[in-house]
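Participant: Sharing a structure below in C-alpha cells format, with a few things to ask.
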Amino acid sequence: MTEITLRRPDDMHLHLRDGAMLTAVLPETARHFARAIVMPNLVPPVVTGAEALAYRDRILAALPDGMSFEPLMTLYLTEATDPEDVAAAAASGLVKSVKLYPAGATTNSQSGVRDFDKVRGVLERMAGIGLPLCVHGEVTDPAVDIFDREAVFIDRVLDPIRRATPGLRVVMEHITTKDGVDYARAQGDDLAATITTHHLILNRNHILAGGIRPHYYCLPVAKREHHRLALRAAATSGETRFFLGTDSAPHPDHLKEHACGCAGCFTATNTMALLAHVFEEENALGRLEGFTSEHGAAFYRLPRNEGRLTLAKRDHPARWPAKIGDEAGPVTVFDPGFPVHWHVSD
Ligand code: NCD
Ligand code: ZN
Ligand code: ZN
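So the sequence shown is residues 398 to 743, counted in this note's numbering.
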C-alpha cells in the first residue's frame, strides 16, 4: 500500500446551490476540503455584499455538526453592480472574488454581462484593490462553434479586458483547451487558471461516442484529446498559476437526463481519489499537494490550511454512492469509467 498525506485541499470553484440541494452536497465537499470559492449563480444570483453574507450564513447553517468548512464568497457581476459595494464586501473579508458570466454562456448566466463597457468601473476598482475576477471564458456568439468558444473568448474578450484594465487579477475558470493553457503560461503573475477534475479525465468522445452521456456534459464542454493532455500537463507541472477548481455542479438527474439537459458534472464526492489516480498516471503524485492545497491559496492571498488529508492506494477499488441527495435530486456522482484504487483515509 502507498500512502500520501497532503495539506487539506481547497476547491477554488464550487457550486453549492441552496436549500435542499445545498444540504445534500455540502458534506460531500466539507468531508475533504477546508475551503471553497463558492459560485454565486443562484436564482436569483448573489450580486451584493448583503446577499453574499446571507448566503454564507445559509451555507454555515447547512453544515453538519462536527464538520468544519470555510465558504469563500463571490459576487455575481452584473451591468448594475456597484463598485463601492464590491470594495466594501472585499474590505470586510467576506468576498474573495467577483465572477464574470458572459450573459447566456452557462447555467443561470442570464443576469451576466452583455456590454463589457458597463462593468469597466467595477473592474477598475477591483484592479485597484487587488480583488480577483473569476471568468467563465466562453463567447456566446451563436455563430461560433461550441468547441471554439473558449479560444475565441481569449482573443475577443479576455485579452482586451486585461489590456484595458492594467493590474486586474484574473482567474480563467475551468480551462478546457491547450489555447487556454498556452495563454495562461504567457502571462504574468496577475493571471491564474483553474482546472477541473473531470476535464483531466474526459475528452469529447466520452460524451458522444457510443451513446450520449448526459452526466459527462458540462460547460465549457470537454474538447479533443490533445486538449485534455495539455490540461493534464499543466495541472501536474507544478506551475503555481494552475490550481484545482472542481466546478462540481450538481443538477437533479431528471434535469440532466432530459431532452435539453443541464450542464454540470458532480465530482465533489470522489474528486480527491480521482486526482490521486490522475497524478499517479502522470508520475506526479509529489505535485498533487501544490495543485490542490497550495497554489490556489497563494493566488487568493490566503493562509495555507493547517489540517491534513491522507490518501492510500489499496488493492480493492474505492467505492462511492452512485447518487446522493434523495430529496434534492437524486444527483449522479461522476463516474470516471475506470476503477480507482486511491481511497481517502478517514
Ligand atoms: C455550472 C453550473 O451548473 O452552475 N455548470 C457547468 O457545466 N460548469 C456553471 C458553470 O460553471 O459554468
Ligand atoms: Zn463556468
Ligand atoms: Zn462552475
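Backbone N, C-alpha and C define an ideal beta-carbon position, used for all residues, glycine too.
1. Looking at the structure shown, is Glu-467 part of a helix, part of a strand, or coil, going by DSSP?
2. Does Ser-690 come out as helix, strand or coil in the three-state DSSP assignment?
3. Does the Cβ of Arg-522 have 16 or more other Cβ atoms within 10 Å, making it buried, or fewer, making it exposed?
4. Relative to the alpha-carbon of Thr-471, which residue among Lys-515, Gln-507 and Leu-530 has its alpha-carbon at the smallest distance?
5. Would you say the beta carbon of Leu-616 is closer than 7 Å to some non-hydrogen atom of ligand 2?
6. For Ile-456, is the classification buried or exposed, using 16 other Cβ atoms within 10 angstroms of its Cβ as the cut-off for buried?
7. Going by Cα to Cα distance, which pick from Asp-712, Asp-512, Pro-727 and Thr-503 is closest to Pro-617?
8. Here's a check: name, in chain order, each residue in its chain whose Cβ is nearer than 6 Å to the Cβ of Tyr-613, leaving out the five neighbours to either side.
9. Counting by C-beta, which residues lie closer than 5 Å to a heavy atom of ligand 2, in chain order?
10. If you draw a straight line from the alpha carbon of Ala-627 to that of Lys-575, how long is it in whole angstroms?
11. Could you compute how far the alpha carbon of Ala-451 sits from the alpha carbon of Gly-416?
12. Which residues bound the beta strand (DSSP E) around Ile-592?
13. Does the Cβ of Cys-615 have 16 or more other Cβ atoms within 10 Å, making it buried, or fewer, making it exposed?
14. By how many angstroms is the C-alpha of Leu-413 removed from the C-alpha of Ala-459?
15. Buried or exposed, going by whether 16 or more other CB atoms sit within 10 Å of the CB of Thr-633?
16. Let me check you understand the geometry: is the CB of His-744 closer than 7 Å to at least one non-hydrogen atom of ligand 3?
17. Going by DSSP, name the residue or residues bridged to Phe-639.
18. With burial defined as no fewer than 16 other Cβ atoms inside 10 Å of the residue's Cβ, what is the status of Thr-402: buried or exposed?
19. State the start and end residues of the unbroken alpha helix (DSSP H) segment that holds Lys-575.
20. By a C-beta neighbour count over all protein chains shown, 10 Å radius and 16 as the cutoff for buried, is Val-532 buried or exposed?
21. If you run the structure through DSSP and keep just helix, strand and coil, what is Tyr-697?
Facilitator: For this structure:
1. Translated into positions along the sequence shown, residue 467 becomes position 70. DSSP places Glu-467 in strand when its eight states are reduced to three.
2. Residue numbering aside, residue 690 sits at position 293 when the sequence shown is read from its first letter. Note: Ser-690 maps to helix in three-state DSSP.
3. If you number the sequence shown from 1, residue 522 lands on position 125. Arg-522 should be labelled buried.
4. Your numbering for residue 471 matches position 74 in the sequence shown. Taking only the C-alpha atoms, the option nearest Thr-471 is Leu-530.
5. Walking along the sequence shown from the start, residue 616 turns up at place 219. Because some heavy atom of ligand 2 lies under 7 Å away, the Cβ of Leu-616 counts as near it: yes.
6. Here the question's residue 456 lines up with position 59 in the sequence shown. Looking at its Cβ environment, which holds 16 or more other Cβ atoms inside 10 Å, Ile-456 is buried.
7. On the sequence shown, position 220 is the one that residue 617 refers to. It is Thr-503.
8. Position 216 of the sequence shown holds residue 613. Once the five neighbours on either side are set aside, the close Cβ partners of Tyr-613 are Leu-599, His-603 and Ile-604.
9. Thr-503 and His-533
10. The sequence position of residue 627 within the sequence shown is 230, counting from 1. The sequence position of residue 575 within the sequence shown is 178, counting from 1. Using only the alpha carbons, I get a separation of about 5 Å.
11. As a working note, residue 451 is residue 54 in the sequence shown. As a working note, residue 416 is residue 19 in the sequence shown. Going from the Cα of Ala-451 to the Cα of Gly-416 covers about 13 Å.
12. For the purposes of this step, residue 592 is identified with residue 195 of the sequence shown, where counting begins at 1. Here the beta strand (DSSP E) through Ile-592 covers 588-592.
13. Locating residue 615 in the sequence shown gives position 218, where the first residue counts as 1. Of the other Cβ atoms in all chains shown, 16 or more fall within 10 Å of the Cβ of Cys-615; this residue is therefore buried.
14. The residue given as residue 459 occupies position 62 in the sequence shown. The residue given as residue 413 occupies position 16 in the sequence shown. Their Cα atoms are separated by approximately 11 Å.
15. Numbered from 1 along the sequence shown, position 236 holds the residue referred to as residue 633. Under this definition Thr-633 is a buried residue.
16. What the structure shows of the chain is the stretch from 398 to 743, and residue 744 is not part of that stretch, so it cannot be assessed.
17. In the sequence shown, residue 639 corresponds to position 242, counting from 1. Phe-639 is bridged to Ala-590.
18. Position 5 of the sequence shown, counted from the start, is the residue given in the question as residue 402. The residue in question, Thr-402, is exposed, as its Cβ has fewer than 16 Cβ neighbours within 10 Å.
19. The residue given as residue 575 occupies position 178 in the sequence shown. Note, Lys-575: alpha helix (DSSP H), 575-582.
20. Reading the sequence shown from its first residue, position 135 is the one you call residue 532. Counting Cβ neighbours within 10 Å, Val-532 comes out buried, since at least 16 surround it.
21. Walking along the sequence shown from the start, residue 697 turns up at place 300. Tyr-697: coil per DSSP, three-state reduction.
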